[in-house]
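Novice: Numbering (the UniProt record's numbering), first residue to last: 1 to 349.
Think of the CB as a built atom: it goes at the ideal place given N, C-alpha and C, for glycine as much as any other residue.
My structure is below; once you've seen it, I'll send some questions.
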């Protein structure tokens with residue numbers, strides 16, 4: 001057996017399921033699966049498992065396995081520890097990171113304007129992606145977190161340095177965020193970052209990464225650099241969770257969200273090709289790139305009816321893939337227009 005044209009199963013002449021779906025091996029549109037798999041060894045391993053499942057247990061079992069895989073991907077936890085002194089802007093950062101503005105008074109929003117010090121761990125799940133949680137911490141006594149962000153509105157304190165050293169001992173990633181930077185003027189940005197990094201190094205913080213951030217203007221200053229750093233340093237299987245949860249602060253993040261969702265689309269289309277549509281949990285954010293895709297497939301809606309024939313299944317893969325990709329392209333373009341308008345720009349996108 002081999003992966004020809006991106007098919008999801010081993011072509012075994014003695015296997016009825018393989019015979020029935022042998023056309024996929026010849027169908028050009030399926031090659032997207034192969035190309036993506038070559039770029040991502042983890043996905044390649046998953047595809048091999050789907051091929052074995054189809055060969056061994058048939059189309060329904062393969063579709064179920066794809067569905068379970070997608071559901072598992074949607075539930076990969078990403079836990080971000082947020083810590084800093086009282087009044088450092090932690091809550092505002094937590095809200096902005098999750099796409100909630102200062103006017104949001106819902107229960108999901110972290111209370112802002114408080115002067116009390118955090119005394120217990122407080123989780124703030126992302127409104128659209130509950131597997132992504134930001135935690136307001138009084139310290140770093142927990143090891144569940146994928147990385148930590150240490151926030152300060154002025155200079156980093158002795159307590160901030162102590163926290164960083166504790167995180168170092170845990171061999172976890174941590175990042176310093178100098179918040180409320182829009183209220184600060186004076187030294188040039190590069191000089192300011194360099195000065196803070198040198199000060200932290202003198203206090204035995206190893207290779208400190210410092211980012212200047214305004215939680216009211218994520219598209220300015222260093223938030224984009226922070227986002228790129230987090231994406232680069234996270235384990236591969238956690239990156240999609242981060243990308244989908246990030247607020248839209250530039251055109252690049254729109255592109256990356258689209259790519260993350262495009263990866264899911266090929267599995268949805270493949271599942272349709274073997275006889276079952278796979279639902280994806282609802283994503284309700286107005287700017288979220290997944291909204292239209294979710295509407296198309298939520299509740300096990302199948303775009304192309306299947307008739308149990310190889311030709312129908314071939315049509316289902318190609319048509320489902322193209323339809324969902326078209327939806328995704330449309331929504332990405334809309335997101336770009338809305339983002340451009342929000343910045344007061346008049347360039348075409």
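According to DSSP, is residue 222 helix, strand or coil?
Specialist: Taking the chain shown and counting its residues from 1, the one referred to as residue 222 is at position 222. Looking at residue 222 - three-state DSSP - the assignment turns out to be coil, as it is neither helix nor strand.
Novice: Using only alpha-carbon positions, find the residue among 131, 156, 178 and 64 that is nearest to residue 242.
Specialist: Start at 1 with the first residue of the chain shown, and residue 242 comes out as number 242. Of the listed residues, the one whose Cα sits closest to residue 242 is 131.
Novice: Consult DSSP for residue 69 and reduce its assignment to one of helix, strand or coil.
Specialist: To locate residue 69, count along the chain shown from 1; it is residue 69. Residue 69 falls in the helix class under three-state DSSP.
Novice: Can you list, in chain order, the residues of its chain with a C-beta nearer than 6 angstroms to that of residue 209? Leave out the 5 residues immediately preceding and following it.
Specialist: Mapped onto the chain shown, residue 209 falls at position 209. Within the same chain, residue 209 has close Cβ partners 175.
Novice: In whole angstroms, what is the alpha-carbon distance linking residue 66 and residue 237?
Specialist: By one-based count along the chain shown, residue 66 stands at place 66. By one-based count along the chain shown, residue 237 stands at place 237. Computed Cα separation, rounded: 16 angstroms.
Novice: Tell me which residue opens and which closes the beta strand (DSSP E) that residue 178 is part of.
Specialist: Here residue 178 refers to the residue found at position 178 of the chain shown. It spans 173-178 - the beta strand (DSSP E) in which residue 178 sits, taken as one unbroken run.
Novice: Tell me whether residue 248 sits in a helix, a strand or coil according to DSSP, three-state version.
Specialist: In the chain shown, residue 248 corresponds to position 248, counting from 1. Residue state, collapsed to three classes: coil.
Novice: Looking at the structure shown, is residue 354 part of a helix, part of a strand, or coil, going by DSSP?
Specialist: Any question about residue 354 goes unanswered here, given that the chain covers just 1 to 349.
Novice: Could you tell me whether the segment 66-75 touches the segment 223-231, using the rule of 3 or more Cβ pairs below 8 angstroms?
Specialist: No contact exists between the segment 66-75 and the segment 223-231.
Novice: Does DSSP put residue 54 in a helix, in a strand, or in coil?
Specialist: As a first step, residue 54 must be located in the chain shown, where it is residue number 54. Three-state DSSP puts residue 54 in a helix.
Novice: Go through its chain and collect everything with a Cβ distance to residue 217's Cβ below 8 angstroms, but skip five positions before and after it.
Specialist: The residue you call residue 217 lines up with position 217 of the chain shown. Closer than 8 angstroms at the Cβ level, and outside the excluded window around residue 217, lie 182.
Novice: Quick check on the burial criterion: 16 or more other C-beta atoms within 10 angstroms. Buried or exposed for residue 215?
Specialist: By 1-based counting over the chain shown, the position of residue 215 is 215. Classification of residue 215: buried, given that the 10 Å Cβ count is 16 or more.
Novice: Could you work out which residue in 145, 94 and 146 is closest to residue 126 when comparing CA atoms only?
Specialist: Working through the chain shown from its first residue, we reach residue 126 at position 126. When each option's Cα is compared against that of residue 126, the closest is 94.
Novice: Would you call the CB atoms of residue 91 and residue 110 closer than 7 angstroms?
Specialist: Stepping through the chain shown from its first residue, residue 91 is reached at position 91. Stepping through the chain shown from its first residue, residue 110 is reached at position 110. A contact, by the Cβ cut-off of 7 angstroms.
Novice: Give the DSSP bridge partners of residue 122, in chain order.
Specialist: The count along the chain shown starts at 1 and reaches residue 122 at position 122. Note: residue 122 sits in a beta bridge opposite 136.
Novice: With DSSP run on the structure shown, which of helix, strand or coil describes residue 78?
Specialist: Indexing the chain shown from 1 puts residue 78 at position 78. Three-state DSSP puts residue 78 in a strand.
Novice: Measuring CA to CA, which of 264, 265 and 224 is closest to residue 246?
Specialist: Position 246 of the chain shown, counted from the first residue, corresponds to residue 246. With distances taken between Cα atoms, residue 246 lies closest to 224.
Novice: Which residues does DSSP pair with residue 152 in a beta bridge?
Specialist: Against the chain shown, residue 152 aligns to sequence position 152. Answer is 178.
Novice: Hey, could you find the ends of the beta strand (DSSP E) residue 210 is sitting in?
Specialist: The count along the chain shown starts at 1 and reaches residue 210 at position 210. Element bounds for residue 210: 210-212.
Novice: Please name the residue in 195, 173 and 199 whose C-alpha comes closest to that of residue 235.
Specialist: In the chain shown, counting from the first residue as 1, residue 235 sits at position 235. Nearest option by C-alpha distance: 173.
Novice: Can you tell me whether residue 157 is helix, strand or coil according to DSSP?
Specialist: If you number the chain shown from 1, residue 157 lands on position 157. Three-state DSSP puts residue 157 in coil, outside helix and strand.
Novice: Does residue 45 pass the burial test, meaning 16 or more other C-beta atoms within 10 Å, or should it be called exposed?
Specialist: In the chain shown, the residue the question calls residue 45 occupies position 45. Exposed, since its Cβ has fewer than 16 Cβ neighbours within 10 Å.
Novice: Taking 7 angstroms as the limit between beta carbons, can you name the residues of its chain near residue 222, skipping five residues before and five after?
Specialist: To locate residue 222, count along the chain shown from 1; it is residue 222. Here the set comprises 211, 212 and 213.
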